[in-house]
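Engineer: Numbering (my numbering), first residue to last: 14 to 394.
This is the structure, below, for whatever I ask next.
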């Protein structure tokens, strides 16, 4: 390939994708400014409880040891990514991991919104999705989640990836896409085990919507299981059991005590999403999500437009329902509460911010379309 041809191909790519490249440049600048100049956190999260545990697990893996029982308080997947990131930056193993996950999330989210709404509205969507006040103290926005290593970053990336996957007009499933999607869905479970309730559903939905063959279903199952192997091997080594949770003695204890509590769902919907002031205890020191990001109120009618309108394909309706399911799952659990807003509990359901901000822009776009049509009718009269 001639050098002139290479530069021509680069120029052609940049010309076609200049909006996305500009968005990536802004998100990158935001990330690195946050990393080096945000005094509310220290680089790579050193000193924060979760991050120290991640880093200790990376150290064990680097020395050829599988995670201990204590280190499996969190699944091994995110630390495996830190092991790879540490090959380039040993003292800050998650810095490049967080940046690359953020960048990939931006790319897939932008591509999805462009497919569904057009580039202009996609830029607005990314603006809502990534805006923040320059201090990573609340985790009300996705940018903040990526500034400190959290395994929730992987979940955000996964939901952005499937958002793009479901937004494509040509719903076909090549074997390559099946393998990639299955690995991503499976690896997600190695970073947060409760994702077993959601990533397989996203993968199954993709296979059904694309009318995948039996061969592709079998390949998907095999790849999904292969992606789980690091966590399965680590659990067998540490616990001697696959059904033991790093948090509790068993999954039955975890499910019975921490999740699927209707009272929690009602309370947390009110206090974590709408108004944290409903809890008058002095330890409640953070705003609820809609208080901190009031534009998200528009997401409620926007979601209705997505679910019941004719403009949006079934695949996006399906994606929206899975996202709402993830939100309900965490709101019905004990890890989320008005009091725990101070401990960044919004990060648990942060993948849903993709849907919320997209639905906000959907509402604005549909409102503009409706107003424009009314004005044209009035003018024609």
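Note that CB positions come from ideal geometry on N, CA and C, so glycine has one too.
Pull up the distance between the alpha-carbon of residue 332 and that of residue 319, whole angstroms please.
Structural biologist: Near 10 angstroms, if we compare the C-alpha coordinates of residue 319 and residue 332.
Engineer: With H, G and I counted as helix, E and B as strand and the rest as coil, what does DSSP make of residue 146?
Structural biologist: Coil at residue 146, not helix or strand.
Engineer: Can you list, in chain order, the residues of its chain with a C-beta nearer than 6 angstroms to that of residue 209? Leave out the 5 residues immediately preceding and following it.
Structural biologist: Once the five neighbours on either side are set aside, the close Cβ partners of residue 209 are 202.
Engineer: Out of curiosity, what's the CA-to-CA distance linking residue 293 and residue 99?
Structural biologist: Residue 293 and residue 99: Cα-Cα distance of roughly 44 angstroms.
Engineer: Which runs of the alpha helix (DSSP H), 4 residues or longer, sit entirely within the segment 283-307?
Structural biologist: Complete alpha helix (DSSP H) runs here, min 4: 302-305.
Engineer: In the structure shown, what three-state DSSP assignment does residue 360 receive?
Structural biologist: Three-state DSSP puts residue 360 in a helix.
Engineer: Give me the Cβ distance between residue 153 and residue 286, rounded to the nearest whole Å; I'm assuming they're in contact under 8 angstroms.
Structural biologist: About 11 angstroms; that fails the 8 angstroms criterion.
Engineer: I'd like to know whether the C-beta atoms of residue 379 and residue 322 end up nearer to each other than 9 angstroms.
Structural biologist: Yes, these two residues count as a Cβ contact at 9 angstroms.
Engineer: In this structure, does DSSP put residue 84 in helix, strand or coil?
Structural biologist: Of the three classes helix, strand and coil, the one that applies to residue 84 here is helix, per DSSP.
Engineer: Mark residue 237 as exposed unless 16 or more other C-beta atoms lie within 10 angstroms of its C-beta, in which case mark it buried.
Structural biologist: Flag for residue 237 reads buried.
Engineer: Output needed for residue 69: all residues of its chain with C-beta closer than 8 angstroms, excluding positions within five of it in sequence on either side, in chain order.
Structural biologist: Closer than 8 angstroms at the Cβ level, and outside the excluded window around residue 69, lie 84.
Engineer: Which residue from 231, 233, 373 and 46 puts its Cα closest to that of residue 307?
Structural biologist: With distances taken between Cα atoms, residue 307 lies closest to 373.
Engineer: Alpha carbon to alpha carbon, how far is residue 273 from residue 347?
Structural biologist: Spanning the two alpha carbons is a distance of roughly 9 angstroms.
Engineer: Return the Cβ separation of residue 43 and residue 156 in integer angstroms, given the expectation that the two are a contact with Cβ distance under 8 angstroms.
Structural biologist: Contact holds; Cβ gap of about 6 angstroms.
Engineer: As a quick exercise: from 276, 365 and 281, pick the residue whose alpha carbon is nearest that of residue 313.
Structural biologist: Nearest C-alpha to residue 313: 365.
Engineer: Apart from the five residues just before and just after residue 241, which ones in its own chain have a Cβ nearer than 7 angstroms to its Cβ?
Structural biologist: Result list for residue 241: 199, 202 and 203, in chain order.
Engineer: With DSSP run on the structure shown, which of helix, strand or coil describes residue 352?
Structural biologist: Residue state, collapsed to three classes: helix.
Engineer: Quick one: what does DSSP say residue 314 is sitting in, helix, strand or coil?
Structural biologist: Correct three-state label for residue 314: helix.
Engineer: At 3 residues or longer, and completely inside the segment 159-225: list those beta strand (DSSP E) runs for me, N to C.
Structural biologist: DSSP runs (the beta strand (DSSP E)) wholly in the segment 159-225: none.
Engineer: Would the beta-carbon of residue 395 fall within 9 angstroms of that of residue 171?
Structural biologist: Only positions 14 to 394 of the chain appear in the structure, and residue 395 is not among them; the question remains open.
Engineer: Of all the options 77, 32, 66 and 173, which has the alpha carbon lying nearest to the alpha carbon of residue 91?
Structural biologist: Checking every option, the nearest Cα to that of residue 91 belongs to 66.
Engineer: Output the boundary residues of the alpha helix (DSSP H) element that contains residue 345.
Structural biologist: Here residue 345 belongs to no alpha helix (DSSP H), and DSSP marks it neither H nor E.
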